[in-house]
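Trainee: Note that UniProt numbering has the sequence shown beginning at 390, numbered continuously upward.
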Amino acid sequence: AARTRDDLRCPIVVIMGHVDTGKTKLLDKIRKTNVQEGEAGGITQQIGATYFEKSTLVTQTARLNETEKFDLTLPGMLVIDTPGHESFTNLRSRGSSLCDVAILVVDLMHGLEQQTIESLHMLRNRGTPFVVALNKVDRCYSWKTCKDAPIREALKEQGDGTLQEFRSRASDAKLQLQEQGVNSNIYWEMGDDDWENSDFVPLVPTSAITGEGVQDILLLLCQIAQRKLWKQLMWCANLQATVLEVKAIDGLGMTVDVLVVNGYLREGDRAVFCTLDGPIVTEIRGLLTPPPSREMRIKSEYIHHKEVKGALGVKVIGNGLEKVMAGTSVLVVGPDDEVEDIKAEVMSDLTKLQDKLSTDKKGVMVQASTLGALEALLQFLREETKPPIPVSAIGIGTIHKRDVTKISIMNEKGCPEFATILAFDVPVEREAREQAEELNVRIFTADIIYHLFDQFTRFMEQLTE
Ligand code: GTP
Ligand code: MG
Ligand code: NA
């Protein structure tokens, strides 16, 4: 079937921003859930996904749309929640790489913070359009709650002092964005030229607790999707899918959370996944999703599907999924496909990384939690360190004894400084630690790239002293 403007897939929206700006709470407001209070320390530590049906979007924007009269035709919306804590740069990076449009959440009381700025640059670098939520507007002095109201209605109810504080804080945020090279304005004060300018960013005041402005941000996202992104949102049957997480679930065994961006995934499909040991081909035995408006990372009464259609987050059940790497793509073997071609395509991202390893086979081992993180780390070692730190081996996931044994040969090759593992955001097995002790291998661990690099540089300095 021809791709048309009348057959759009759900846009994928990612929520990004500094820790505790209210990203998860904003989603809780739309879902009518309380995921945030169940999080350890109130901190998000994984990528999440929530699917909203069209009917939810229509209902939750109804009041604002009485005046806007926007013809909402999207089939729904898939929203990806990301962590704001500094150590999860890799998850933010993955989130930003998967989405069509983003919400950058700013705490109106704090203005732009470090990970807000980091997120902003990720979005800018990829050319992803975004809106800024100026969240916690209810914290303005003597704010009068107008539960779930469109923001302009709510602002009409506020006293002069409250309005003054709101305006002053909003204009501070605007200035801070300007300092980052971003032109923005309160969205209803934007002129026609501003809307035409794809670099201009709309600001939407919101409260994730009392709900003011939530209608506005939802409707605005739908408008941007339909008016500006329709070309990239035209649904097509070719599968485009990425692994979000690999995790064991009680009673289901190892499962892979897959973001299906476009196309179909069906029970019985022969799916091809990327692992560090090579591609695996496995039959899809089950496809599960949480109910609409429920977070995928929260265990729930899963719905079983024979077939899912992008864009959607789905839990895939199958054999041999243990080593599948987060951040890699998923393909299925179609009737006209050569399985070897599909395997090569699935492995291509990893193969490209392996091509960058030290050619004389002398260098450290680098281990990271995901392909994206590994990519970031390799790039850092290549471009940001002087001289560049050579890498002879790479790995994803937990560090085992065999990894230690493998890199210990650097001691025999006359470069003991490279008998080193740089471990980014991954656990180290106890046996691996013991083996490292025995074979004179150093393991540096950190969950921030810069810290890893600092440790290794200090170590190199000690060596040369
Ligand atoms: P991370 O995922 O850990 O980066 O945080 P987050 O951005 O998801 O923020 P979260 O939803 O965990 O909210 C952080 C805190 O701010 C919680 O205590 C929320 O109750 C509070 N909060 C979030 N949004 C609002 C808001 O609009 N108004 C007020 N008053 N409090 C809010
Ligand atoms: Mg959160
Ligand atoms: Na939080």
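Backbone N, C-alpha and C fix where the C-beta goes; we use that ideal spot for every residue, glycine too.
1. Is it right to say K732 is buried, meaning 16 or more other beta carbons lie within 10 angstroms of its own, or is it exposed?
2. Alpha carbon to alpha carbon, what distance is there between Q824 and T794?
3. Less than 8 Å between the CB atoms is what I'm expecting for P400 and L618, so what's the real figure, rounded?
4. Give the residues whose C-beta lies closer than 5 Å to at least one heavy atom of ligand 2, in chain order.
5. From W624, L461 and I598, pick the residue whose C-alpha is nearest to that of R394; which is it?
6. Check whether the segment 563-583 and the segment 542-553 are in contact - that is, three or more C-beta pairs closer than 8 Å.
7. What is the DSSP secondary structure of C663, counted as helix, strand or coil?
8. Could you check the C-alpha separation between E585 and V593 for me, to the nearest Å?
9. Bridge partners of N586, per DSSP?
10. Between V495 and L523, how many whole angstroms is the CB-CB distance? I'm expecting something under 8 Å.
11. Please indicate yes or no: does the CB of V408 lie closer than 7 Å to some heavy atom of ligand 3?
12. Which ranges would you report for the alpha helix (DSSP H) in the segment 691-733 if only whole runs of at least 4 residues count?
13. Say yes only if the C-beta of V403 is nearer than 7 Å to one or more non-hydrogen atoms of ligand 1, and no if none qualify.
14. At the level of alpha carbons, what is the spacing between M405 and I469?
15. Secondary structure at S573, three-state DSSP: helix, strand or coil?
16. I need the straight-line Cα distance from S737 to L544, nearest angstrom please.
17. Tell me, to the nearest whole angstrom, how far the beta carbon of V661 is from that of V670; I am working on the premise that it is less than 8 Å.
18. Decide if K688 is buried, meaning its Cβ has at least 16 other Cβ atoms within 10 Å, or exposed.
19. With a 10 Å radius around its C-beta and 16 neighbouring C-beta atoms as the bar for buried, classify A637 as buried or exposed.
20. Between which two residues does the beta strand (DSSP E) carrying K636 extend?
21. Look at the alpha carbon of T679 and the alpha carbon of Y839, and state the distance between them as a whole number of angstroms.
22. Beta carbon of I575: closer than 7 Å to some heavy atom of ligand 1?
23. Who are the Cβ neighbours of K698 in its own chain at under 6 Å, not counting the five residues just before and after it?
24. Going by alpha carbons, who is nearest to P591 out of L607, A597, I598 and G600?
25. Please state whether DSSP places S747 in a helix, a strand or coil.
26. Where in the segment 779-836 do unbroken runs of the alpha helix (DSSP H), each at least 4 residues long, occur, reported from the N-terminal end onward?
27. Restricting to runs no shorter than 3 residues, where is the beta strand (DSSP E) found entirely within the segment 473-548?
28. Across which residues does DSSP place E442 in a beta bridge pair?
29. Are L710 and V645 closer than 8 Å when you measure CB to CB?
30. Taking the straight line between their C-alpha atoms, what separation do you get for V728 and P668?
31. Rounded to a whole number of angstroms, what is the C-alpha to C-alpha distance between A808 and S482?
32. Can you tell me whether L766 is buried or exposed? The criterion is at least 16 other CB atoms within 10 Å of its CB, across all chains shown.
33. Tell me whether G431 counts as near ligand 3, meaning its Cβ is closer than 7 Å to at least one heavy atom of that ligand.
Mentor: According to the data block:
1. Locating residue 732 in the sequence shown gives position 343, where the first residue counts as 1. With 16 or more other CB atoms across the displayed protein chains lying within 10 angstroms of its CB, K732 is buried.
2. Position 405 of the sequence shown holds residue 794. Position 435 of the sequence shown holds residue 824. Rounded to the nearest angstrom, the two C-alpha atoms are 7 Å apart.
3. Here residue 400 refers to the residue found at position 11 of the sequence shown. Here residue 618 refers to the residue found at position 229 of the sequence shown. About 6 Å; that satisfies the 8 Å criterion.
4. K412, T413 and T433
5. Mapped onto the sequence shown, residue 394 falls at position 5. It is W624 whose Cα lies nearest to the Cα of R394.
6. Too few Cβ pairs lie closer than 8 Å, so no.
7. In the sequence shown, counting from the first residue as 1, residue 663 sits at position 274. In the structure shown, C663 sits in a strand (DSSP, three-state: E or B).
8. Translated into the one-based positions of the sequence shown, residue 585 becomes position 196. Translated into the one-based positions of the sequence shown, residue 593 becomes position 204. Their Cα atoms are separated by approximately 18 Å.
9. Numbered from its first residue, the sequence shown carries residue 586 at position 197. Beta-bridge pairing links N586 to no other residue.
10. In the sequence shown, the residue the question calls residue 495 occupies position 106. In the sequence shown, the residue the question calls residue 523 occupies position 134. About 6 Å separates the two Cβ atoms, so the contact holds.
11. As a position in the sequence shown, residue 408 is number 19, starting the count at 1. Because some heavy atom of ligand 3 lies under 7 Å away, the Cβ of V408 counts as near it: yes.
12. none
13. Taking the sequence shown and counting its residues from 1, one reaches residue 403 at position 14. Not one heavy atom of ligand 1 sits closer than 7 Å to the Cβ of V403.
14. Along the sequence shown, read from residue 1 onward, the residue named residue 405 stands at position 16. Along the sequence shown, read from residue 1 onward, the residue named residue 469 stands at position 80. About 9 Å.
15. Counting from one through the sequence shown, the residue named residue 573 turns up at place 184. Strand, per DSSP.
16. For the purposes of this step, residue 737 is taken as residue 348 along the sequence shown, with counting starting at 1. For the purposes of this step, residue 544 is taken as residue 155 along the sequence shown, with counting starting at 1. Going by the C-alpha atoms only, they are around 52 Å apart.
17. For the purposes of this step, residue 661 is identified with residue 272 of the sequence shown, where counting begins at 1. For the purposes of this step, residue 670 is identified with residue 281 of the sequence shown, where counting begins at 1. Yes, V661 and V670 are in contact; Cβ-Cβ is about 5 Å, under 8 Å.
18. Position 299 of the sequence shown, counted from the first residue, corresponds to residue 688. Taking a 10 Å sphere around the C-beta of K688, we find fewer than 16 other C-beta atoms and assign the residue as exposed.
19. Here residue 637 is taken as the residue at index 248 of the sequence shown, counted from 1. Exposed, because fewer than 16 other Cβ atoms sit within 10 Å of the Cβ of A637.
20. In the sequence shown, residue 636 corresponds to position 247, counting from 1. Q629 to I638 is the extent of the beta strand (DSSP E) around K636.
21. What you label residue 679 is simply residue 290 of the sequence shown in a count that begins at 1. What you label residue 839 is simply residue 450 of the sequence shown in a count that begins at 1. One point to set straight first is that residue 679 is Pro, not Thr, in the sequence displayed. Those two C-alpha atoms are separated by around 37 Å.
22. Mapped onto the sequence shown, residue 575 falls at position 186. No, Cβ of I575 sits at least 7 Å from all heavy atoms of ligand 1.
23. Working through the sequence shown from its first residue, we reach residue 698 at position 309. The residues are Y653.
24. Numbered from 1 along the sequence shown, position 202 holds the residue referred to as residue 591. Selected option, being the one with the closest Cα: L607.
25. Translated into positions along the sequence shown, residue 747 becomes position 358. It is coil, neither helix nor strand.
26. 790-796, 798-801 and 819-828
27. Assignment of beta strand (DSSP E) within the segment 473-548, counting only whole runs of 3 or more residues, yields 490-496 and 519-524 in chain order.
28. Here residue 442 refers to the residue found at position 53 when the sequence shown is read from its first residue. Answer is G465, bridged to E442.
29. Position 321 of the sequence shown, counted from the start, is the residue given in the question as residue 710. Position 256 of the sequence shown, counted from the start, is the residue given in the question as residue 645. Yes. Within cutoff.
30. On the sequence shown, position 339 is the one that residue 728 refers to. On the sequence shown, position 279 is the one that residue 668 refers to. Cα to Cα, the separation comes out at about 10 Å.
31. On the sequence shown, residue 808 is found 419 positions in, with the first residue counted as 1. On the sequence shown, residue 482 is found 93 positions in, with the first residue counted as 1. Straight-line Cα distance between these residues: approximately 30 Å.
32. Position 377 of the sequence shown, counted from the first residue, corresponds to residue 766. Buried.
33. Numbered from 1 along the sequence shown, position 42 holds the residue referred to as residue 431. Yes, ligand 3 has a heavy atom inside 7 Å of this Cβ.
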